[in-house]
Amino acid sequence: MRILVTGGAGFIGSHLIDRLMHAGHDVICVDNFFTGHKRNIQHWFGNPNFELIRHDITEPIKLEVDQIYHLACPASPVHYQYNPVKTIKTNVMGTLYMLGLAKRIKARILLASTSEVYGDPEVHPQSEDYRGNVNPIGIRSCYDEGKRVAETLAFDYHRQNGVDIRVARIFNTYGPRMLENDGRVVSNFVGQALKDIPLTVYGDGSQTRSFCYVSDLVEGLMRLMNGDFIGPVNLGNPDEYTILELAQTIQSMVNPDADVKFEALPQDDPKRRKPDITRAKTYLDWEPSIPLETGLQKTIDDFKTRLQAEKRLSLETTLS
Ligand code: NAD
Ligand code: UDP
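Throughout the sequence shown, residue numbering follows numbering that gives the first Met the number 0, covering 0 to 319 in sequence.
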């Protein structure tokens, strides 16, 4: 099949592209490199089954493909709050154009939505029929309301125009290739522990998240795309940890001497989050298999390799 991945140079998108390429598909990656990097996909450059298009999805694009994985959107609060209006445009205009494309070429389209549609949830764990507790005017709204509109657009294109949609609500995902300056909690803690600087726990660290390793997530996305269930479906790992527990785990794995320092909790930071994955189990026969420590070790190894390469480069630059 010919498959378009928007946001394919990013963290999840690049892992998805690896799976699709290994399965023998023709893959087109569309990305504006806001948070994505060529280095994430450069191992496919020169392969005749791979094409890279630098394009901003807030502008329309015409392509011929069988499937669209629509992932383009910054995912870390630091990045999506950098230019909130652009984040909304990416979620609304970008998704509108992708759904319009899917309609015209009769492609199946999978929207990468998010657990953020549940906001600061009053229901725990979160199942897909929970409608959420979202602040429409807060600093996270450009992302969570943006994704809620993206879901609305997907379902309206489906009802009105028969577009073949799939909607995934992705929960916190981590793994190799996360940016060191990504701002999300796993990448922050791993980077800090490796650099021997204090781990920054926001608030008192009692808020919870449930962390899914990227290969599990990608498997879930592919099952959703290739099955009959349109969703929305939660994709995440139901193992729930407080942020302080996560800090202590990473501390013990990387650097038991690293300090923890407490900083202010950002506005509207959800207090707890854990997916109910009954739907994913029932309709996709999917559940995550990688335990936190196993996934963290792979992430730590990847960060170590990149930090060492950076050090070598800066040493070479100083010497030359
Ligand atoms: P990421 O920031 O690594 O990847 C996003 C990619 O989209 C980047 O390559 C970026 O350059 C590209 N992009 C952003 N705006 C664009 C635009 N206007 N035009 C073209 N490309 C654009 O993030 P990620 O973690 O890989 O997330 C991928 C998708 O999954 C996002 O839609 C995100 O909302 C969703 N998601 C991720 C998580 C998570 O924990 N990682 C959780 C929930 C949902
Ligand atoms: N967090 C933290 N220290 C950091 C980065 C994040 O304590 O250096 C907290 C953040 O306040 C939130 C949780 O970790 O409660 C997850 O944050 P992240 O940005 O990774 O994802 P999201 O809030 O979107 O789930």
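No residue lacks a Cβ here, since even glycine has one placed at the ideal position from N, Cα and C.
- For G174, the CB stays at least 7 Å from every heavy atom of the ligand UDP.
- The beta-carbon distance between P231 and V133, rounded to whole angstroms, is 15 Å. This is too long to meet the 8 Å contact definition.
- The secondary-structure analysis by DSSP pairs T5 across a beta bridge with V29, H69.
- Judged by their CB atoms, R176 and F10 are nearer to each other than the 8 Å cut-off.
- For A192, the enclosing alpha helix (DSSP H) begins and ends at 184-193.
- Residue burial is scored here from C-beta neighbours: D181 has at least 16 other C-beta atoms within 10 angstroms and is therefore classed as buried.
- In the three-state reduction of the DSSP assignment, G235 falls in the coil class.
- When the five nearest sequence neighbours on each side are left out, the beta carbons in the same chain lying within less than 8 Å of the beta carbon of G23 are those of N48, in order along the chain.
- Linking W43 to L223 through their CA atoms gives a straight-line distance of about 25 Å.
- Listed in chain order, the non-local C-beta contacts of K280 below 6 Å within the same chain comprise E286, local neighbours out to five positions each way being set aside.
- With a cut-off of 7 Å, the C-beta of G9 is classified as near the ligand NAD, since at least one heavy atom of the ligand falls inside that distance.
- Between V259 and the set G118, A246, N236, the nearest pair of CA atoms involves A246.
- Taking 3 residues as the minimum length, the beta strand (DSSP E) runs contained wholly in the segment 151-175 are 164-169, in order along the chain.
- Of the heavy atoms belonging to the ligand NAD, none sits nearer than 7 Å to the Cβ of C141.
- Taken atom to atom, the span from the alpha-carbon of R208 to that of Q125 is near 12 Å.
- In the three-state reduction of the DSSP assignment, A74 falls in the coil class.
- If you check the C-beta of I164 against the ligand UDP, you find no heavy atom less than 7 Å away.
- If you check the CB distance, N31 and H14 do not come in under 8 Å.
- The segment 218-267 is shown to contain whole beta strand (DSSP E) runs of 3 or more residues at 232-234, 239-241, 259-262, in chain order.
- Only residues of its own chain outside the window of five on either side were considered, and among them L306 have a CB closer than 8 Å to the CB of K194, listed in chain order.
- Distance from the CA of Y156 to the CA of V162, rounded to the nearest whole angstrom, comes to 6 Å.
- For secondary structure counted as the alpha helix (DSSP H) over 4 or more consecutive residues, the segment 64-145 holds these complete runs in sequence order: 76-79, 83-88, 94-104.
- Within the same chain, Cβ atoms closer than 8 Å to the Cβ of V200 are found at I242, L243, A246, V259, K260, F261, E262, the five residues on either side in sequence being excluded.
- Of the candidates R139, E127, V4, the residue whose Cα lies closest to the Cα of T94 is V4.
- Taking the Cα positions, L314 is about 34 Å away from C28.
- At least 8 Å separates the beta-carbon of I67 from that of I40.
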